[in-house]
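Number of protein chains: 4
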Amino acid sequence: MFKESVLEKKIYYHDTDAGGVVYYANYLKHLEEGRTEYCAERGIDTGKFAEEGTYFVVAHIEVDYKASARYGQTIKVNTQIEKISRSSVVYLQTITKEDKLLIISHVTWVCVNSKFRPVSIPDEIKRALEK
Amino acid sequence: MFKESVLEKKIYYHDTDAGGVVYYANYLKHLEEGRTEYCAERGIDTGKFAEEGTYFVVAHIEVDYKASARYGQTIKVNTQIEKISRSSVVYLQTITKEDKLLIISHVTWVCVNSKFRPVSIPDEIKRALEK
Amino acid sequence: MFKESVLEKKIYYHDTDAGGVVYYANYLKHLEEGRTEYCAERGIDTGKFAEEGTYFVVAHIEVDYKASARYGQTIKVNTQIEKISRSSVVYLQTITKEDKLLIISHVTWVCVNSKFRPVSIPDEIKRALEK
Amino acid sequence: MFKESVLEKKIYYHDTDAGGVVYYANYLKHLEEGRTEYCAERGIDTGKFAEEGTYFVVAHIEVDYKASARYGQTIKVNTQIEKISRSSVVYLQTITKEDKLLIISHVTWVCVNSKFRPVSIPDEIKRALEK
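Residue numbers (the numbering used here), protein chains in the order written: chain D, 3 to 133; chain R, 3 to 133; chain C, 3 to 133; chain L, 3 to 133.
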C-alpha cells in the first residue's frame with residue numbers, strides 16, 4: 003500500500019438533505035476532492051495534463067454507506083491507491099468522523115485521450131502516484 | 003410584457019437541505035432551467051450560439067425568498083422577459099406552488115464573446131426572445 | 003424481473019462540469035429521481051412512510067460509467083427491481099441516451115427505523131414494489 | 003463596519019459547469035460557508051439555536067458577477083456585516099481571486115421561529131455578530 007492522503011472537510015447545509023444528513027451523492031464530491039489532493043500532494047497537476055489531452059475519467063465506483071454525517075460535523079476523507087495498471091488506477095477511499103467509519107469506496111480512474119479512448123498512464127504520473 | 007413560459011418541477015431530496023426545505027442556491031438551478039426552456043420554446047438554441055462564440059452569462063441576480071417548497075411538492079417556474087437592451091436581457095422569474103408565491107427574481111444575462119467582452123445580441127435571438 | 007419505469011431528463015448546465023459532460027455525482031441525482039418515480043407509479047409515497055418513522059436509505063451503490071451526456075441532450079433513467087429481501091431492495095438502474103448505454107448501476111436500499119436500525123419492509127410497500 | 007472574516011476555498015470539478023468556470027449557483031454555497039465561518043469565529047453556533055427553534059433564513063440576495071474562477075484556482079470569500087436590525091442581518095460578501103474581484107453580494111438573513119415568523123435576534127447573537 004502507498005501512503006495515504008487525508009483531507010478534512012466541514013459539513014455545511016449545501017451538503018445535506020431533508021433527511022437531516024449528508025445527501026448520498028454529495029460524498030462523491032468529497033471523494034473527488036480527496037483524489038485531487040492526493041495527486042496535488044505528489045506534484046501531479048491533472049488540470050495541466052487535461053490541457054495536453056490526457057484525462058482521467060471515473061469509470062467505476064463502488065460505495066458502501068455505513069453511517070452518516072450531519073451539519074456542522076467534520077469528516078476526514080482518507081485516500082490511497084489500491085492498484086495501478088497500464089491505463090487505470092483504483093483508489094481506496096474512506097470517509098471517517100472521529101474515527102467512526104462512514105464510507106468505504108473503490109473508485110476506478112481510466113486514463114483517456116481527447117476521444118475518450120484508454121491510453122497508457124504517462125510514466126511521470128505513474129511514478130508520482132506511487133509515492 | 004412578452005409571453006410567459008411555465009416549467010413544472012417536482013422537488014426531490016437532492017433539492018433540499020437539513021432545514022427540511024429546498025436549499026436556497028438550488029432554486030437557481032430551477033431558474034436556469036426556466037430560462038433555457040423559455041429560449042427553447044422560441045427556437046433559440048443557446049448551445050449552438052455558444053459553439054459559434056456567442057455566450058449569455060449571468061451578470062446580476064436579485065432574489066426574494068417569500069416561502070419554501072418541500073420534498074415531493076411540485077413547483078412552477080414562470081419565466082418572462084422584463085427588458086431587452088443592446089447586449090443584455092433582464093428576466094423576471096417567479097416560482098410558485100399551487101399559486102402561492104415562493105420566489106421573485108430578476109436575472110440579468112449579458113451577451114459576450116469568447117473573451118467575455120459584451121457584444122450586441124444577435125438580431126435573430128432578439129426577435130425570438132420578444133415572441 | 004418486474005416492470006421497468008422510465009424517466010426522461012434533459013441535461014442543463016447545473017448537471018455538467020468543466021470537462022464538458024455531466025459530473026459523475028450528478029447522475030446519482032437522476033438515479034434518485036428514477037427510484038422515486040418507480041415508487042410513485044406504484045402508489046408508494048416514501049415521504050408518508052418517512053413521517054411514520056420508516057425510511058429507505060441507500061446502503062450500497064455500484065456504478066459503471068460507459069459514456070457521457072452533454073448539455074442539452076436528453077437521457078432516460080430506466081429503473082427496475084433486481085431483488086427484494088426482508089429489509090432491503092436492490093434496484094438495477096441504467097441511463098441511456100438514444101439507446102446508447104451511458105450508466106449501469108445497482109443501488110441497495112435498506113429499510114430502517116428512526117434509529118437507523120434495519121427493519122422489515124412493510125408488506126404494503128413490498129407488494130407495491132413487485133408490481 | 004465590523005471585522006471581516008476570510009475563508010479560502012479551492013475550486014474543484016463539482017464547482018464548475020460546461021462553460022469551464024464555476025456555475026453561478028455554486029458561488030452561493032461558498033457564500034453560505036463564509037457566513038457560517040463568520041459566525042463560528044464569533045462563537046455563534048447556528049446549529050444549536052436551530053435545535054432551540056430559532057433559525058436564520060435567507061430572505062433576499064443580490065449578487066453581481068464580475069469575473070469567474072476556474073478549476074484548480076483558489077478563491078477568497080470575504081464576509082462582513084453591513085447592517086443589523088431587530089430581526090434581520092445584512093451581510094456584505096465578496097469573492098476575490100488574487101485580489102481580483104469576482105463577486106459582490108448582499109445577503110439578508112431573517113431570524114424566524116419554527117413557524118417561519120420573524121422574531122427578534124437573541125441578544126447573545128447580536129452582540130457576537132457585532133464583534
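Glycine included, each C-beta is placed from N, C-alpha and C at the ideal position. All figures in this text were calculated on a predicted structure; none of them were measured in a lab.
Query	Result
Rounded straight-line distance, which links the Cα of D:K99 to that of D:I13	11 Å
Touching by the beta-carbon criterion (3+ pairs, under 8 Å), the region 18 to 34 of chain R and the region 63 to 83 of chain R	yes
Proximal residues of chain C, C-beta to C-beta of D:E64 below 7 Å	E64
Bridge-paired residues (DSSP) for L:E10	L:K78
Local Cβ density within 10 Å of L:N80, reported as buried at 16 or more and exposed below that	buried
Length at least 3, wholly inside the region 90 to 114 of chain R: the beta strand (DSSP E) runs in chain order	90 to 99, 102 to 114
Alpha-carbon spacing of R:S89 relative to L:R72, whole angstroms	24 Å
Contacts that D:H16 makes with chain L (C-beta to C-beta distance below 7 Å)	K31, E34
is_contact[R:Y67, chain D] using C-beta, thresh 8 Å	no
Helix, strand or coil at R:D66 [DSSP, three-state]	strand
The alpha helix (DSSP H) enclosing D:F51, as first and last residue numbers	48 to 53
Simplified DSSP state of D:E132, which is helix, strand or coil	coil
Residues, ordered as in the chain, of the region 40 to 63 of chain C that lie near chain R by beta-carbon distance below 7 Å	G49
Beta-carbon proximity check, D:V114 vs D:Y40, cutoff 8 Å	no
Check whether R:Q95 and R:S87 have beta carbons under 8 Å apart	no
Contact with chain C by D:Y73, beta-carbon distance below 8 Å	no
Cα-Cα separation, L:W111 to R:L104	16 Å
Within chain R, partners of C:T38 - CB distance below 7 Å	Y14
8 Å Cβ cutoff, C:Y93 in contact with chain D	no
Other residues of its chain near R:K85: CB distance less than 7 Å, five sequence neighbours each side excluded	V92
Residues that C:A135 contacts on chain D, provided the C-beta gap is smaller than 8 Å	One cannot answer for residue 135 of chain C here, as it falls past the ends of chain C, which runs 3 to 133.
Rounded C-alpha distance that separates R:T76 from L:F118	20 Å
Cα-Cα separation, D:G74 to L:H16	21 Å
7 Å CB neighbourhood of D:G55 in its chain, flanking five on each side removed	N115, S116
Alpha carbon of D:V109 to alpha carbon of L:V8, nearest angstrom	34 Å
C-alpha gap between R:S171 and R:V24, whole angstroms	The structure shown does not extend to residue 171 of chain R, since chain R is modelled only from 3 through 133, so no value can be given for it.
Residue-level contact to chain D via CB, R:D19, 8 Å cutoff	yes
Backbone secondary structure at L:V56 - three-state DSSP	It should be noted that the sequence gives Thr, not Val, for residue 56 of chain L. Of the three classes helix, strand and coil, the one that applies to L:T56 here is coil, per DSSP.
Beta-carbon proximity of C:R44 to C:A130, cut-off 8 Å	yes
C:A42 in three-state terms, based on DSSP	helix
Length of the line joining the Cα atoms of L:A52 and D:K133	45 Å
D:E34, buried or exposed, once every other Cβ within 10 Å from all chains shown has been counted against 16	buried
Buried or exposed by the 16-neighbour rule on C-beta atoms within 10 Å, applied to D:D19	buried
L:E6 versus L:I83 - alpha carbon distance	8 Å
Cut-off 7 Å between Cβ atoms - residues of its own chain near R:P120, not counting five sequence neighbours on either side	S89, V112, C113, V114
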